[in-house]
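Notes for the one structure printed next.
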Amino acid sequence: MLATGLIAIDSTILATAVPSIVRDLGGFAQFPWLFSVYLLAQAVSVPVYAKLADTVGRKPIMLVGIGLFLLGSVLCGFAWDMTSLIVFRAVQGLGAGAVMPVSITITGDIYTVRERARVQGYIASVWAASSVIGPTLGGLFAGYLDWRWIFFINIPLCIIAAVVLWRRYHESLGREKHTIDVSGSIVLTLGLTLLILAVLEGGQAWSWLSWQSLGAFGVGAALIVAFVFIELRAKEPVLPLWVFSRRLIVTTSLISLGVGAVLIGLTSYVPTFLEVSAGSSPLVAGLAVAALTLGWPISASQSGRLYLRLGFRTTALIGLAIAIAGSAALIAASFVPNPWTAALACFIVGLGLGLVASPTLIAAQSSVPWSERGVVTGANMFLRSVGSAVGVAVFGAVANGVIERSGLGDHSPVAVQGAATAVFVAVIVAAAATIVAALVMPRARVEDVELAPSEPSAAG
């Protein structure tokens, strides 16, 4: 929870300080890269860290992640221009790429399937608290101190998390020698970097049919094909191809992709919609979105009652139905902009996603032994990042298209309201598509997937 808190607060604290950063450093046209480069670095590093966690252990990879995040935070605090800040944000993203999947993997190691829903609820509550604490701290630092404290605040948090992890988490590793798949890791990272970069920047920094876009997609796809051939020959592949042959793992990862898309659609567009269309302050608009991360831990912590009785698949389908209902309520609320109705709709979506994300991840983790759990968790988290990246591109294209056709400009309340409504409709489509993956998911119950702990052992 301490390590997760680092990433959770960082994901919400920066947005409120962007105007102050731009006034100090300049580079208004570049500031979206503060978020894009972080997401990119985090996403492409997850599979590598996940495999290393299965190879050398969870603890050293977590400590490396916390160390990188600490280094990136210190460098960001001393950034002298927008370019340097963007580069240092990438270092932070590399740290976050280790912390997020490995912390969830450790949870899978320590707790049984029956305990894990409650514990995942605790971890989800960190995100709920951060959704309120982050914007508030960001506004206070930017308005009354200095925006650089947004990054310096991470220094004591990183040290506390590392010390507690070092002293309290113990794992027993075997003496088996492992081979690091260096070539596979490099090719996978380069290929994913180009593909995600093309998705993030297509239609933004360059047009979809430009040579930059086509080149990034083409070379990225070629590298992924080369990666497949490398993995077929690797002794210990960084991303074993058996992951894509197991129906439970494939379907739960696809569900995670849909969750990532729904999340980015709401967190990106609800605040803008409320600020422009309803005249809400940034703080009020941010708190409306925070309702989503309040609903999530409530349902996640109680999801064990459902999947123990009904199974993982049925629980996920119930959650998706609730998320779609909440999205429909948000569409209805968009015609009469109001932060309270938007917050209620986001809360309902959060309740639904809590019944989707936690049970499906627990099902996938519980179906494999210790030596495979990191890879499975990493695949799930990576697909969620991909869902967010693709969602940014698709929802951005939808919103920009609506605003362009209106001819009123992106500062018009009417145009922004229409764009937000279109995005919320696209969110429902993404949730409905996720139902297809849930329907194909095996009807696994707890007794079908729970495996006895295997060496190496881990304990808190």
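Sequential numbering of the sequence shown, starting at -2, is according to the numbering used here.
All residues carry an ideal CB built from backbone N, CA and C; glycine is no exception.
Touching by the beta-carbon criterion (3+ pairs, under 8 Å), the region 66 to 76 and the region 85 to 101: Because the criterion of three Cβ pairs below 8 Å is met, the region 66 to 76 and the region 85 to 101 touch.
Close Cβ partners of Trp196 (< 7 Å) along its chain, the five nearest in sequence each way excluded: Translated into the one-based positions of the sequence shown, residue 196 becomes position 199. It is Val, not Trp, that sits at residue 196 in the sequence shown. Result list for Val196: Ala386, Val387 and Ala390, in chain order.
Expected contact under 8 Å - CB spacing of Thr133 and Ile120 to nearest Å: Here residue 133 refers to the residue found at position 136 of the sequence shown. Here residue 120 refers to the residue found at position 123 of the sequence shown. Contact between Thr133 and Ile120 is ruled out by a C-beta separation of about 21 Å, above the 8 Å threshold.
Pick from Pro336, Leu(-1) and Ala360 that is closest to Arg165, judged by C-alpha positions: In the sequence shown, residue 165 corresponds to position 168, counting from 1. Comparing Cα positions, the closest option is Leu(-1).
Residue ranges of each alpha helix (DSSP H) within the region 193 to 243, 4 or longer: Fully enclosed alpha helix (DSSP H) runs of 4 or longer: 208 to 230.
Ordered list of alpha helix (DSSP H) runs contained in the region 337 to 406, each at least 4 residues: Taken in chain order, the complete alpha helix (DSSP H) segments of 4 or more residues contained in the region 337 to 406 are 367 to 403.
DSSP three-state assignment for Ser81, whether helix, strand or coil: Mapped onto the sequence shown, residue 81 falls at position 84. If DSSP states are grouped into helix, strand and coil, Ser81 belongs with the helices.
Nearest to Lys48 (by Cα), restricted to the options Ile432, Thr264 and Asp178: Here residue 48 corresponds to residue number 51 of the sequence shown, with the count starting at 1. For the residues Ile432, Thr264 and Asp178, the minimum Cα distance to Lys48 belongs to Asp178.
Where Ser169 sits in the DSSP three-state scheme: What you label residue 169 is simply residue 172 of the sequence shown in a count that begins at 1. In this structure, Ser169 counts as strand in the three-state DSSP scheme.
For Gly406, the nearest candidate out of Val273, Ala435, Ala320 and Ile425 (CA to CA): As a working mapping, residue 406 is identified with position 409 in the sequence shown. Taking the Cα of Gly406 as reference, the smallest distance to any Cα among Val273, Ala435, Ala320 and Ile425 is reached at Val273.
For Thr133, three-class secondary structure by DSSP: One-based indexing of the sequence shown puts residue 133 at position 136. In the structure shown, Thr133 falls within a helical segment according to DSSP collapsed to helix, strand and coil.
Sequence-distant residues of the same chain with beta carbon closer than 6 Å to Leu358, five excluded per side: Locating residue 358 in the sequence shown gives position 361, where the first residue counts as 1. Once the five neighbours on either side are set aside, the close Cβ partners of Leu358 are Asn377.
Minimum length 4: unbroken alpha helix (DSSP H) runs contained in the region 48 to 113: Positions of the alpha helix (DSSP H) runs, each at least 4 residues long and wholly inside the region 48 to 113, are given as 55 to 74 and 79 to 107 in order along the chain.
C-alpha gap between Asn335 and Asn397, whole angstroms: To locate residue 335, count along the sequence shown from 1; it is residue 338. To locate residue 397, count along the sequence shown from 1; it is residue 400. Their Cα atoms are separated by approximately 22 Å.
CA-to-CA distance, Leu185 to Ile227, given in whole angstroms: Position 230 of the sequence shown, counted from the first residue, corresponds to residue 227. Position 188 of the sequence shown, counted from the first residue, corresponds to residue 185. Their Cα atoms are separated by approximately 10 Å.
Exposed unless 16 or more other CB atoms sit within 10 angstroms - verdict on Pro356: Counting from 1 along the sequence shown, the entry for residue 356 is found at position 359. Result: buried.
Ala142 (DSSP reduced to helix, strand or coil): Along the sequence shown, read from residue 1 onward, the residue named residue 142 stands at position 145. One point to set straight first is that residue 142 is Leu, not Ala, in the sequence displayed. In the displayed model, Leu142 falls within coil according to three-state DSSP, outside both helix and strand.
Nearest-angstrom Cα separation, counted from Val45 out to Phe392: The sequence position of residue 392 within the sequence shown is 395, counting from 1. The sequence position of residue 45 within the sequence shown is 48, counting from 1. Rounded to whole angstroms, the gap between the alpha carbons of Phe392 and Val45 is 29 Å.
Reduced DSSP secondary structure (H/G/I, E/B, other) of Asp467: Outside the modelled stretch of the chain, which goes from -2 to 457, sits residue 467, for which no answer is possible.
From Gln299, Leu327, Ile147 and Arg302, residue whose alpha carbon lies closest to that of Ala288: Taking the sequence shown and counting its residues from 1, the one referred to as residue 288 is at position 291. If we check each option's Cα against that of Ala288, Leu327 comes out closest.
Member of Val160, Ser70 and Leu245 whose CA lies at the smallest distance from the CA of Arg310: Residue numbering aside, residue 310 sits at position 313 when the sequence shown is read from its first letter. Ranking Val160, Ser70 and Leu245 by CA distance to the CA of Arg310 puts Leu245 first.
Selection from Leu263, Ser127 and Gly188 that minimises the alpha carbon distance to Ile4: Numbered from 1 along the sequence shown, position 7 holds the residue referred to as residue 4. Here the closest residue by C-alpha is Ser127.
Rounded C-alpha distance that separates Trp293 from Val267: What you label residue 293 is simply residue 296 of the sequence shown in a count that begins at 1. What you label residue 267 is simply residue 270 of the sequence shown in a count that begins at 1. Cα atoms of Trp293 and Val267: separation of roughly 17 Å, rounded to the nearest angstrom.
For Val413 and Phe270, the rounded distance between their alpha carbons: Here the question's residue 270 lines up with position 273 in the sequence shown. Here the question's residue 413 lines up with position 416 in the sequence shown. Between Phe270 and Val413, the C-alpha separation is close to 6 Å.
Same chain, Cβ closer than 6 Å to Val43, five either side skipped, listed in chain order: Against the sequence shown, residue 43 aligns to sequence position 46. Same-chain partners within the cutoff: Gly94, Pro98, Gly375, Met378 and Phe379.
Closest residue to Leu72 among Ile147, Ala340, Ala223 and Val365 (Cα-Cα distance): As a working mapping, residue 72 is identified with position 75 in the sequence shown. When C-alpha distances from Leu72 are compared across Ile147, Ala340, Ala223 and Val365, the shortest belongs to Ile147.
Straight-line Cα distance separating Thr190 from Phe149: Numbered from its first residue, the sequence shown carries residue 149 at position 152. Numbered from its first residue, the sequence shown carries residue 190 at position 193. As the crow flies, the alpha-carbon of Phe149 is around 28 Å from that of Thr190.
Spatial distance of Leu341 from Ser242 (CA atoms): For the purposes of this step, residue 341 is taken as the residue at position 344 of the sequence shown. For the purposes of this step, residue 242 is taken as the residue at position 245 of the sequence shown. Each residue's alpha carbon lies about 40 Å from the other.
Distance, Val422 Cα to Ser331 Cα: Counting from one through the sequence shown, the residue named residue 331 turns up at place 334. Counting from one through the sequence shown, the residue named residue 422 turns up at place 425. Ser331 and Val422: Cα-Cα distance of roughly 11 Å.
Candidates Ile58, Leu303 and Asp78, of which the one nearest Val19 by Cα: The residue given as residue 19 occupies position 22 in the sequence shown. Restricting attention to Ile58, Leu303 and Asp78, the CA atom closest to the CA of Val19 is found in Asp78.
Sub-7 Å separation of Ala416 and Ile400 beta-carbons: By one-based count along the sequence shown, residue 416 stands at place 419. By one-based count along the sequence shown, residue 400 stands at place 403. Contact: yes.
Option in Ile6, Leu220, Gln39 and Arg111 with minimal Cα separation from Cys155: Taking the sequence shown and counting its residues from 1, one reaches residue 155 at position 158. Its Cα nearest to that of Cys155, the residue Ile6 stands out among Ile6, Leu220, Gln39 and Arg111.
Element boundaries [alpha helix (DSSP H), containing Val420]: By 1-based counting over the sequence shown, the position of residue 420 is 423. Unbroken alpha helix (DSSP H) run through Val420: Pro410 to Val437.
Straight-line Cα distance separating Gly2 from Ile10: Here residue 10 refers to the residue found at position 13 of the sequence shown. Here residue 2 refers to the residue found at position 5 of the sequence shown. The straight-line gap from Cα to Cα measures roughly 12 Å.
Cα-Cα separation between Arg440 and Ser300, rounded to whole angstroms: Start at 1 with the first residue of the sequence shown, and residue 440 comes out as number 443. Start at 1 with the first residue of the sequence shown, and residue 300 comes out as number 303. A straight-line Cα-Cα distance of about 16 Å links Arg440 and Ser300.
Contact set for Ala231: own chain, Cβ-Cβ below 7 Å, skip 5 residues either direction: Numbered from 1 along the sequence shown, position 234 holds the residue referred to as residue 231. In chain order, Asp178 and Gly181 place their CB closer than 7 Å to the CB of Ala231, counting only its own chain and leaving out the 5 sequence neighbours on each side.
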